[in-house]
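**Student:** So the sequence shown is numbered by the working numbering: it starts at 1 and just counts up by one.
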Amino acid sequence: MDVLVKILSRCDIAVLQEVMDAKGKAVPALVDALNRFEGDSDAYSYLTSPLLGRSNYQERYVFVYRNKKTRMLDSYKYEDNHPDRPDVFAREPFIVRFSLPTKELPELVLIPQHTVPSKAETEIDALYDVFLNVHAHWGIEDMIFLGDFNADCGYVAKKRWGNIRLRQKPGFHWLIGDKADTTVRENTRCAYDRIVVHGERCLDAVVPGSAQAFDFPKEFGLSEAEALEVSDHYPVEVELYSSCWRLQPTNLGGLILLALAIVSGTKYEI
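Here it is in structure tokens:
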């Protein structure tokens, strides 16, 4: 848990995926440890989604956010009942709207998604329907889709990207590219995890070059085996300007958004 706390402490907003916390104790314990690390009992708060999944295998999305930098405004679970494409998602998107400390980008919507590998193409495509739903629900253009899309290495063939609306429709900017490696194992090189931005204000707020996979094993001096105890994926992250004026310092008050796929939530159960 110490490594996970160190990773989260770099962030103002973080999203955890594949969290299986049947007893409901692991996430509060994690955030308590994070607040102790920060030396402030109220440094971070969190929001968990309902359990999501069609079978006995179910997981949650968890949003962890720094109280001095942002505020959670609203949330809802996407109703996967599109008339033309019903029940596409094995784990429906859980959508959260945050306030930000900047007049240029006062609000931002985060939409994490962990796709089923065999259905990755279909689920990524259907995120465009989620975009339309969020826009109708809140009237907001500024959104970030993020998470383990399983968007590479046999799950989405290069020739199939032309069929995916989230990739082809104008206005969507894929910040983690196809050549990135978001996997911890040395014998894999796959761009599974992505960050996709929509909205000109949101895109303008992105610090150029800040979207990346965070090599936490290298940062914290971990062996591959030690790193896999935390996650088999690198977190993906992006930094936003606290002000859209480019003369402002880029790292002061910036927001980090991070998606982390935990190998097994049972490692953090108490």
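All C-beta atoms, glycine included, are put in the ideal place defined by N, C-alpha and C.
State buried or exposed for E224, treating a residue as buried only when at least 16 other CB atoms are found within 10 Å of its CB.
**Tutor:** With fewer than 16 other Cβ atoms within 10 Å, it is exposed.
**Student:** Under DSSP, the beta strand (DSSP E) around L47 begins and ends at which residues?
**Tutor:** Unbroken beta strand (DSSP E) run through L47: Y44 to T48.
**Student:** Apart from the five residues just before and just after F89, which ones in its own chain have a Cβ nearer than 7 angstroms to its Cβ?
**Tutor:** So the qualifying residues of the chain are D80, E123 and A126.
**Student:** Should W245 go down as buried or exposed, given a rule of 16 or more other Cβ atoms within 10 Å for buried?
**Tutor:** Caution is warranted here: a pLDDT of 45 is assigned to W245, below 50, making its placement in the model unreliable, and the coordinate value is therefore given only provisionally. It is exposed - the Cβ of W245 has fewer than 16 other Cβ atoms within 10 Å.
**Student:** Determine, using beta carbons only, whether D193 and F149 come nearer to each other than 9 angstroms.
**Tutor:** Yes, Cβ-Cβ distance for D193 and F149 is below 9 angstroms.
**Student:** Within the segment 170-235, note down every full beta strand (DSSP E) run reaching 3 residues or more, in order along the chain.
**Tutor:** 172-174 and 193-198, all fully within the segment 170-235.
**Student:** Of all the beta strand (DSSP E) runs that stay within the bounds of the segment 121-173, which reach a length of 3 or more residues?
**Tutor:** Listed in chain order, the complete beta strand (DSSP E) runs (minimum 3 residues) inside the segment 121-173 are 143-148.
**Student:** Could you tell me the distance, in whole angstroms, from the CA atom of M1 to the CA atom of P83?
**Tutor:** Cα-Cα distance, rounded: 43 angstroms.
**Student:** Give the secondary structure of V238 by DSSP, where H, G and I count as helix, E and B as strand, and everything else as coil.
**Tutor:** Strand, per DSSP.
**Student:** Could you check if I13 is buried or exposed, using at least 16 other CB atoms within 10 Å of its CB as the buried criterion?
**Tutor:** So I13 counts as buried.
**Student:** Taking the beta carbon of I7 as the centre, do at least 16 other beta carbons fall within 10 Å, making it buried, or is it exposed?
**Tutor:** Classification for I7: buried.
**Student:** Does DSSP put A22 in a helix, in a strand, or in coil?
**Tutor:** Coil.
**Student:** Should V3 and V27 be called a contact, given that it needs their Cβ atoms to be closer than 9 angstroms?
**Tutor:** No, these two residues do not count as a Cβ contact at 9 angstroms.
**Student:** Does DSSP put D74 in a helix, a strand or coil?
**Tutor:** Strand.
**Student:** How about Y155 and S118: are their beta carbons less than 9 angstroms apart?
**Tutor:** Yes, the pair counts as a contact, with Cβ atoms nearer than the cut-off.
**Student:** When you compare the CB positions of C202 and L105, do they come within less than 9 angstroms of one another, or not?
**Tutor:** Yes, these two residues count as a Cβ contact at 9 angstroms.
**Student:** Measure the alpha-carbon distance for H233 versus T183 and round it to whole angstroms.
**Tutor:** Computed Cα separation, rounded: 4 angstroms.
**Student:** Taking 6 angstroms as the limit between beta carbons, can you name the residues of its chain near T115, skipping five residues before and five after?
**Tutor:** Closer than 6 angstroms at the Cβ level, and outside the excluded window around T115, lie E123, F149 and N150.
**Student:** Give me, in chain order, the residues of the same chain whose beta-carbon lies closer than 7 angstroms to that of A33; leave out the 5 immediate sequence neighbours on both sides.
**Tutor:** The answer, listed in chain order, is M1 and V5.
**Student:** Straight-line CA distance for S51 to Y57?
**Tutor:** It is worth fixing the name first, because residue 51 is Leu in this sequence and not Ser. Going by the C-alpha atoms only, they are around 9 angstroms apart.
**Student:** Just to confirm, is the Cβ distance from W161 to Q168 under 9 angstroms?
**Tutor:** Yes. Within cutoff.
**Student:** What residue range does the alpha helix (DSSP H) around V5 cover?
**Tutor:** Where V5 is concerned, the enclosing alpha helix (DSSP H) stretches over D2 to L8.
**Student:** Which residue from K23, F98 and G171 puts its Cα closest to that of N67?
**Tutor:** It is F98.
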